[in-house]
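The block underneath contains the structure these notes are about, expressed in structure tokens.
2 protein chains.
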Amino acid sequence: MTKVRPGESPAERPRAAVMEDVAELAGVSAMTVSRVLNAPEKVRPETRARVLAAVRELDYRPNSAARVLVTGRSGVLGVVCFDTTLYGPASTLFGIEQAARDSDYLVSIASLPALNRSWITRGIDRLRSQSVDGVIVVAPHESAAEGLRHLPPGLPVVDVGGGSDLPVPVAAVDQYAGAARATRHLLSLGHRTVWHLSGPPNWIDSSGRVAGWRSVLEAEGREVPEPLVGDWTAHSGYEIGKRLARESEVTAVFVANDHMAMGVLRALREAGRRVPEDVSVVGFDDVPEAAYFWPPLTTVRQNFGEVGRQAFQLLLDRIAGVEGEGRRMVEPELVVRESTGVSR
Amino acid sequence: MTKVRPGESPAERPRAAVMEDVAELAGVSAMTVSRVLNAPEKVRPETRARVLAAVRELDYRPNSAARVLVTGRSGVLGVVCFDTTLYGPASTLFGIEQAARDSDYLVSIASLPALNRSWITRGIDRLRSQSVDGVIVVAPHESAAEGLRHLPPGLPVVDVGGGSDLPVPVAAVDQYAGAARATRHLLSLGHRTVWHLSGPPNWIDSSGRVAGWRSVLEAEGREVPEPLVGDWTAHSGYEIGKRLARESEVTAVFVANDHMAMGVLRALREAGRRVPEDVSVVGFDDVPEAAYFWPPLTTVRQNFGEVGRQAFQLLLDRIAGVEGEGRRMVEPELVVRESTGVSR
DNA sequence: GTGCTCGCTGTTATCGCAATCACTCAGGAC
DNA sequence: GTCCTGAGTGATTGCGATAACAGCGAGCAC
């Protein structure tokens with residue numbers, strides 16, 4: 001056991017300790033060291049103590065590659081995501097990472113240059129080739145559904161924010177309920193109807209919010225204006241807001257996210273329409289700055305962190321072999337600030 | 001070579017193909033398969049074609065754990081970061097991930113519950129235990145320096161946004177230059193001096209911006225007001241903005257980030273002080289929404305994506321064995337919008 | 001014909017760990 | 001005393017790949 005290994009000549013940096021080194025120092029076999037680390041109760045306390053002392057002395061760390069090779073489990077989960085500079089995805093990722101950390105998992109990310117089936121498949125493959133134990137897909141886009149229909153068998157996958165007919169478990173904020181809440185809030189203030197500035201087509205969030213908004217208007221027998229379509233950016237909110245500002249009949253707008261709402265607010269103000277006196281605006285997300293918009297934005301808070309945690313839990317279940325297509329819905333919350341008011 | 005392995009009974013899912021299976025199908029040895037994948041030029045074209053066909057037919061994927069075990073390289077790099085819901089860190093992470101993807105690296109993240117030496121060390125350890133090839137630390141805080149002074153030997157580490165006396169290569173936006181530019185811009189508009197709302201203490205970005213701002217004022221022989229200290233949030237900007245609004249001598253404020261600037265804008269407006277007629281405000285970051293603040297915010301753009309790419313490149317160099325303590329500074333850019341104007 | 005190089009391929013050993021099975025030994029049951 | 005049991009430990013094997021070296025023809029110089 002004292003063969004000279006490459007890199008062991010005195011001049012070079014000593015290679016990291018391996019299990020055998022610990023075993024030798026503790027006067028036991030490697031197997032016992034392994035047991036101390038993985039099933040301590042199977043080792044007599046005195047032996048265990050000796051081994052642990054040796055571990056500390058040598059600063060021994062198990063080699064994860066070797067462990068993965070023999071156990072088939074890596075303690076790493078993968079996250080496939082689109083643009084992590086956006087507030088929602090970034091927060092979800094953060095939630096996942098925190099939950100993972102608490103369970104001693106590490107998170108690898110594969111971001112996508114574009115949202116379509118091919119890239120999603122490639123993202124999953126990239127992660128799979130690194131032996132992740134499971135994958136969470138954060139790509140609330142219809143193309144994700146395509147990618148999720150052709151999964152490598154045996155790989156646990158969970159989706160965040162996806163539609164209802166996916167072949168995998170899903171954790172999501174209830175967009176429909178959030179949009180309905182926002183719309184009802186506006187109607188309750190006396191507005192005749194509510195306009196909607198939606199997110200881009202084919203995003204699950206967009207369609208969920210459109211559906212929730214529309215259903216309330218229809219249930220109340222209100223006119224349903226044609227939704228306007230933005231791209232989530234403040235810029236698009238501003239451009240479309242200018243159009244909205246010209247329509248004097250518009251008194252209430254439900255905007256599909258806070259950043260677009262910010263653009264709308266500015267367009268309305270520039271057009272001389274006061275918020276909320278002339279027009280009420282509701283956003284979606286509750287980004288940390290929403291309370292400092294002008295005026296402070298009434299919006300629908302999404303608990304992204306909770307979604308991330310739920311997704312992680314679903315994935316843990318799947319990894320543990322629990323079958324079923326669980327669906328965890330997180331309730332959004334309407335936060336009323338000053339951008340909404342009674343209709344004239 | 002046709003031993004029955006666990007999981008090979010007909011009823012069960014077939015286990016994934018391994019190199020030996022490919023070799024068998026192609027009528028070569030496993031070594032040849034390995035060569036086709038890692039050094040194709042060493043294999044005769046016909047043989048290579050046969051092997052590749054077998055790879056495709058079996059949908060063979062190399063087992064990364066086995067490969068890591070023998071090569072010692074994983075193709076994974078780790079990123080240690082604090083709060084990835086903040087715009088800056090999120091963008092940097094995104095830049096790193098994109099650069100990594102282009103070079104076939106995967107990124108694992110270890111986020112920190114708190115910014116201090118102990119957590120940073122733990123984050124690095126967590127990543128190291130997964131055999132990452134190197135680590136990028138995105139924690140522009142003085143405590144990071146502590147953590148970076150006691151690194152495991154042999155692990156390539158690069159820092160993002162760190163101070164100047166770190167024992168590792170650093171990629172960063174030149175905070176000092178950016179702050180100087182912002183301050184000079186305000187002075188050039190005729191303001192007698194410039195107030196500063198800084199970020200929290202012990203953040204490298206905070207001190208860099210304070211230093212740049214102070215140096216310009218001193219060079220120009222202007223009075224240097226005591227900096228006010230925020231915590232990066234719009235909320236703190238608002239609270240401190242209320243204090244600033246009361247001081248009629250304040251005509252120009254350099255705010256250490258856009259979100260705080262947003263709070264300042266609101267506080268000034270509520271106090272009846274017009275921007276930019278009464279007070280000019282400059283931010284820092286150029287978040288995507290800055291152009292839609294009210295008024296559109298003059299700010300200093302940080303190219304986070306570029307910083308991420310540079311950091312990745314530095315890390316690649318380190319992994320390749322290039323020594324030295326490279327320092328890559330990315331130049332910030334002043335973006336003039338409507339929140340700054342000539343002094344009365 | 002001998003000996004050499006060179007291009008291609010195979011054999012063997014090894015990476016560091018855990019699963020399996022075998023072993024030892026103490027303590028009871030009978 | 002014999003047998004069993006079970007807790008604690010060790011020897012061996014194998015996970016799936018690559019490194020190092022060996023072998024083997026073909027081609028060429030002489």
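So the sequence lines, in the order shown, correspond to chains A and B.
Quick note: the first sequence, position 156, residue 156 per our numbering, numbers continuous.
Quick note: the second sequence, position 138, residue 138 per our numbering, numbers continuous.
Even for Gly, the Cβ is constructed at its ideal location relative to N, Cα and C.
Since we're looking at a predicted model, the values are computed, not measured.
Item: Who does B/G241 pair with in a DSSP beta bridge?; Value: None; B/G241 has no bridge partner.
Item: For the candidate residues A/R209, A/L217, A/P167, A/G212, whose alpha-carbon lies nearest to that of A/G190?; Value: A/L217
Item: Confirm, please, whether the CB-CB distance from B/S188 to B/V281 is below 8 Å.; Value: no
Item: Leaving out the 5 sequence neighbours to the left and right, which residues in its chain are closer than 6 Å to A/V18 when beta-carbon positions are compared?; Value: none
Item: Indicate the three-state DSSP secondary structure (helix, strand or coil) for B/S118 in the structure shown.; Value: helix
Item: With distances taken between CB atoms, is the gap from B/V107 to B/L77 smaller than 8 Å?; Value: yes
Item: For A/E226 and B/G263, what's the separation of their Cα atoms in angstroms?; Value: 35 Å
Item: Taking DSSP as the reference, what is the three-state secondary structure of A/D278?; Value: coil
Item: Which partner residues does A/R301 have in the DSSP bridge list?; Value: A/D285, A/E333
Item: Interface residues of chain A around B/S131 at Cβ under 8 Å?; Value: N63, S64, A65
Item: Identify the contact partners of B/W294 in chain A, using a Cβ-Cβ distance below 8 Å as the criterion.; Value: L265, R266, R269, W294
Item: On a Cα-Cα basis, can you pick out the residue from A/R184, A/P169, A/Q130 that is closest to A/V138?; Value: A/P169
Item: Whose C-beta lies closer than 7 Å to the C-beta of A/H235 among residues of the same chain, with five residues either side of it excluded?; Value: G263
Item: Going by the beta-carbon positions, is the gap between A/G230 and A/I204 smaller than 8 Å?; Value: no
Item: Using the Cβ count rule (16 or more neighbours within 10 Å means buried), how would you classify B/T71?; Value: exposed
Item: Rounded to the nearest angstrom, how far is the Cβ of B/L155 from that of B/R181, given a contact under 8 Å?; Value: About 36 Å separates the two Cβ atoms, so there is no contact after all.
Item: Using 8 Å for Cβ pairs, my map puts B/P332 next to B/V300. What's the rounded Cβ distance?; Value: 5 Å
Item: By alpha-carbon positions, which one of A/H259, A/G272, A/G321 ends up nearest to A/Q292?; Value: Going by the sequence as given, residue 292 of chain A is Tyr instead of Gln. It is A/H259.
Item: Does the beta carbon of A/T298 sit closer than 8 Å to a beta carbon anywhere in chain B?; Value: no
Item: Would you call B/P140 buried or exposed, if buried means 16 or more other Cβ atoms sit within 10 Å of its Cβ?; Value: buried
Item: Identify every residue that forms a DSSP beta bridge with A/I136.; Value: A/V79, A/V158
Item: Do A/R101 and the ligand SAH come close, with the Cβ less than 7 Å from some heavy atom?; Value: The ligand SAH is not among the ligands present in this structure, which contains no ligands whatsoever.
Item: Which residues of the region 90-108 of chain B have a Cβ closer than 8 Å to any Cβ of chain A? Give them in chain order.; Value: A90, S91, L93, F94, E97, Q98, R101, L106, V107, S108
Item: Quick one: list the residues of chain A neighbouring B/Y238, beta-carbon separation under 7 Å, in chain order.; Value: Y292
Item: Using the three-state DSSP reduction, which class does A/F293 fall into: helix, strand or coil?; Value: coil
Item: Can you tell me where the alpha helix (DSSP H) with A/V28 in it begins and where it stops?; Value: First-last for A/V28: undefined, no H or E at that position.
Item: Should B/M262 be flagged as near chain A, meaning a C-beta pair shorter than 8 Å?; Value: yes
Item: Just how far apart, CA to CA, sit B/Y238 and B/Q302?; Value: 23 Å
Item: For B/D102, is the classification buried or exposed, using 16 other Cβ atoms within 10 angstroms of its Cβ as the cut-off for buried?; Value: exposed
Item: Should B/R76 be flagged as near chain A, meaning a C-beta pair shorter than 8 Å?; Value: Reading off the sequence, residue 76 of chain B comes out as Val, not Arg. Yes, B/V76 lies at the interface with chain A (some Cβ there is under 8 Å from its Cβ).
Item: Quick one: residues in its chain with C-beta nearer than 8 Å to the C-beta of B/E323, no 5 flanking neighbours on either side, listed in chain order?; Value: none
Item: Just the C-alpha distance for A/L197 and A/D286, rounded to the nearest angstrom, thanks.; Value: 16 Å
Item: Could you spell out where the alpha helix (DSSP H) holding A/L189 opens and where it closes?; Value: Looking at the DSSP string, A/L189 is not in any alpha helix (DSSP H), and its letter there is neither H nor E.
Item: Give the C-beta separation of B/L93 and A/T84 to the nearest angstrom, bearing in mind that I take them to be a contact with Cβ-Cβ under 8 Å.; Value: 7 Å
Item: Helix, strand or coil: how does DSSP classify A/E8 here?; Value: With a pLDDT of only 38 at A/E8, under 50, the local geometry of the prediction cannot be trusted, and no value is derived from it.
Item: I need the straight-line Cα distance from B/V157 to B/E325, nearest angstrom please.; Value: 11 Å
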